[in-house]
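Reading through the structure tokens given below for one structure.
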Amino acid sequence: MATIFTKIAQGEIPSYKCAENDEFYAFLDINPLVKGHTLVIPRREVDYIFDMEDDEIGRYQIFAKKVARAIKAAFPCIKVGEAVLGLEVNHAHIHLVPMQSEKDLNFANAKLKLEPAEMQEIADKIYAEFQKL
Ligand code: AMP
């Protein structure tokens with residue numbers, strides 16, 4: 002059975018798209034730690050990021066780097082933090098989180114509740130910056 006993130010990458014389940022190419026897809030985390038919290042996934046169904054082959058994980062990180070740059074341009078921050086958890090969804094995903102301090106990358110923090118219109122606005126800003134790279 003396809004994972005929820007496969008369905009998102011295929012457009013079967015809606016998401017707030019931030020960036021994409023043939024192999025990878027980026028969209029807003031639905032329970033963001035901060036505005037701009039984005040997930041980057043391979044379209045291919047693979048559970049554990051560290052099971053990926055070197056060349057694939059290399060392309061994955063290069064794509065995530067571009068998404069991180071787009072996030073930083075859209076949401077000025079000290080740095081964009083990267084985290085891999087994968088405890089909830091069994092489809093590889095990288096969390097990218099714009100950080101003003103280390104506290105922003107604490108996954109035990111309460112998540113933001115944003116209206117759909119604001120989520121769309123955030124995703125559109127990141128998408129626009131990604132197109133400029
Ligand atoms: P983890 O597997 O521990 O990295 O957590 C999964 C992450 O995916 C959580 O931060 C969720 O908020 C996020 N998430 C789960 N379902 C969706 C969805 N349909 N759209 C966007 N983000 C999601």
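Numbering (this note's numbering), first residue to last: 2 to 134. Heads up, the beta-carbon is just placed ideally off N, CA and C, and yes, glycines get one too.
DSSP state of residue i mapped onto helix, strand, coil
{"i": "Met2", "result": "coil"}
{"i": "Glu130", "result": "helix"}
{"i": "Met100", "result": "strand"}
{"i": "Gly82", "result": "strand"}
{"i": "Ala111", "result": "coil"}
Close beta carbons around residue i, own chain, < 8 Å, minus the five adjacent residues each side
{"i": "Lys104", "result": "Asn110"}
{"i": "Val68", "result": "Cys19, Ala20, Ala27, Thr39, Val41, Leu97, Ile127 and Phe131"}
Chain C contact for residue i (CB, 8 Å cutoff)
{"i": "Ala111", "result": "Among the chains of the structure shown, chain C does not appear; only one protein chain is present."}
Presumed contact (8 Å Cβ cut-off) between residue i and residue j, rounded CB distance
{"i": "His94", "j": "Ile58", "result": "So it is not a contact: roughly 13 Å between Cβ atoms."}
{"i": "Glu46", "j": "Thr4", "result": "6 Å"}
Contacts around residue i, its chain only, beta-carbon distance under 7 Å, and the 5 residues preceding and following it disregarded
{"i": "Met120", "result": "Tyr17 and Leu29"}
Item checked: Beta carbon nearer than 5 Å to a non-hydrogen atom of ligand 1 -> Asp30, Ile31, Asn32, Leu86, Gly87, Leu88, Glu89 and Val90
Next item on the list: Identify every run of the beta strand (DSSP E) within the segment 27 to 99, keeping only runs that are complete inside it and at least 3 residues long; order them along the chain.
Entry: 39 to 43 and 80 to 84
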